[in-house]
Amino acid sequence: MTQPSTSLPPHIAIIGGGPAGLMAAEVLSQAGIKVDLYDGMPSVGRKFLLAGVGGMNITHSEAYPAFLSRYAERAPQIAPLLRSFGADALCQWIHDLGIETFVGSSGRVFPTDMKAAPLLRAWLKRLRDAGVVIHTRHRWLGWNEHGDLRITSPDGEITVKPDATLLALGGGSWSRLGSDGAWMLPLEQRGVGLAPLQPSNCGFEVQAWSELMVSKFAGAPLKNIAIGLNDDIPRLGECVITATGIEGSLIYALSAPIREAINQHSSATIHIDLLPGRPVDKVETALKKPRGSRSMSKHLHSQLGIDGVKAALLRELTAAECFADPALLAKAIKALPLTLVKTRPLDEAISSAGGVTFESMDERLMLKQLPGVFCAGEMLDWEAPTGGYLLTGCFASGRAAGFGMVEWLQRKS
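When you line the sequence shown up against full-length UniProt numbering, it's residues 1 to 413, in that order.
Listed below in structure tokens is the structure:
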């Protein structure tokens, strides 16, 4: 990396035009630093826009201790980022762009129009007005033997020698939107500490569903249920039966521990409570009521409201003899075991775990192996459930990296 010029403002290259890269560009441009941002796609913010389909969940309103806990084992590393730019600061930043927000019934925070595009348009205008130059269809390839950035462009390969570089290339999911994890190789070649990329907020597969489950219930929602793993308290929510297994918001919330259990034991067994509002003794009492000539299916429907996909799942996962024993059937209804054997492919996942380890960076998010090279966003080794936590983490890390670069440049000069 060259020394910043004493007569010209420092020049920064940002690789990646998602929330982390754009936030760093804002911090740097406000500090009077020249910023060129490169993105391999025809336009920036593509995964950000996809996240807004169906409602742009930008962050979450829950109290800070609970919010921070969503980052699990990486909470200690994420904590300083959120203290500097957490949910409240993010909401104020959005308001300053002229976009109002509201808090939904689940505590999630949304723009009032529920869309990502107006926010992104306002943001890009602010960045361009501040002098940020955005180069689309420019894909980073790594470094050449002189330490310059190699970038493919519509006019062929170019080299760039900035005063510092920020890598904000996303994780390994949704490769069609630019997050393909190809950055792992050049970083590995430079000795940067990396954790393997794995699916996060993803669906899971079972060994095999019966033909009935696939033909009649693939795509069916499982609503008003609770799911637990091991001895953890079951979580309320809903999910969806798929042709290969199960997915949806409730599964995504548990995806990290389920994935790790599969990594360690080749499978993970979750327990589904089909009637979370009723204790097991009440369920057993209802099942013991005489059913006369009615079928078990009609008895389950009339006494407990279990029908459709819930009834099919109960039949799929419960031994036939349990249906003759109200106590055993009640226990199955309250803790139906479903064994999951693998994640769905990484490219289908909402996000990814793994990437650049925090141990390989300093407190400014600069790589220890490559002074002057910083990292931010989903390419860092952290994960969080959906609900605004992913985006908040990306914004916060981009902002932290931007300030880290400003500080490093000041020290260098």
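Where is the CB? At the ideal position from N, CA and C, for every residue including glycine.
None of the values given here were measured: they were computed from a predicted structure.
| Item | Value |
| --- | --- |
| What separation, rounded to the nearest whole angstrom, lies between the Cα atoms of Q369 and L124? | 32 Å |
| Would you grab the beta carbon distance between R344 and E211 for me? Rounded to a whole angstrom, and I think it's under 8 Å. | Contact doesn't hold; Cβ gap of about 21 Å is too wide. |
| Leaving aside the five residues before and after S5 along the sequence, list all residues of the same chain whose C-beta is less than 6 Å from its C-beta, in chain order. | Reliability of the predicted coordinates at S5 is poor, the pLDDT of 42 falling under 50, and the value obtained from them is presented with this limitation in mind. Contacts found: none. |
| One question on the structure: do V280 and F217 come within less than 7 Å of each other, judged by their Cβ atoms? | no |
| Among residues of its own chain, excluding the 5 on either side of D36, which ones have a beta-carbon nearer than 6 Å to its beta-carbon? | A13 and V133 |
| So what does DSSP say about I94, is it helix, strand or coil? | helix |
| Specify whether the region 231–245 and the region 368–384 touch according to this definition: at least 3 beta carbon pairs, one from each stretch, less than 8 Å apart. | no |
| To the nearest angstrom, report how far apart K331 and L304 are at their CA atoms. | 14 Å |
| Note down, in chain order, each residue of its chain lying with its Cβ closer than 8 Å to the Cβ of P276, except the 5 sequence neighbours on either side. | N224, I225, A226, P234 and L236 |
| Please go through the region 38–70 and give each complete alpha helix (DSSP H) segment of 4 or more residues, from N-terminal end onward. | 46–51 and 64–69 |
| Specify the secondary structure class of D273 as computed by DSSP and reduced to three states. | strand |
| Quick check on P196: does DSSP put it in helix, strand or coil? | strand |
| Can you give the beta carbon distance from I15 to T165, rounded, assuming they're within the 8 Å contact cut? | 7 Å |
| Does the Cβ-Cβ distance between A23 and F395 come in under 7 Å? | Correcting the residue type first, residue 23 is Met in the shown sequence and not Ala. It is a contact, given that the beta carbons lie within the stated cut-off. |
| Name the residue from A122, D180, I78 and L346 whose alpha carbon lies nearest to the alpha carbon of G98. | A122 |
| Take the Cβ of K47 as the centre, count every other Cβ of all protein chains shown within 10 Å, and call the residue buried at 16 or more, exposed below. | buried |
| Determine the burial state of P19: buried for a count of at least 16 other Cβ atoms within 10 Å of its Cβ, exposed for fewer. | buried |
| Name the one or two DSSP bridge partners that P111 has. | T101 |
| Let me check one thing: in DSSP terms, what residues is A353 bridge-paired to? | Q198 |
| Relative to the C-alpha of K342, which candidate in G45, R126, S413 and A208 has its C-alpha closest? | A208 |
| Return yes when the Cβ of A349 is within less than 7 Å of the Cβ of C202, no when it is not. | yes |
| Candidates L119, T59, D39 and E73: which alpha carbon is nearest P257's? | E73 |
| With DSSP as the reference, identify every bridge partner of T136, one or two as the case may be. | D39 |
| How many whole angstroms separate the CB atoms of S267 and L340, which I take to be in contact at a CB cut-off of 8 Å? | 7 Å |
| Per DSSP, what are the beta-bridge partners of K34 in this structure? | H11 |
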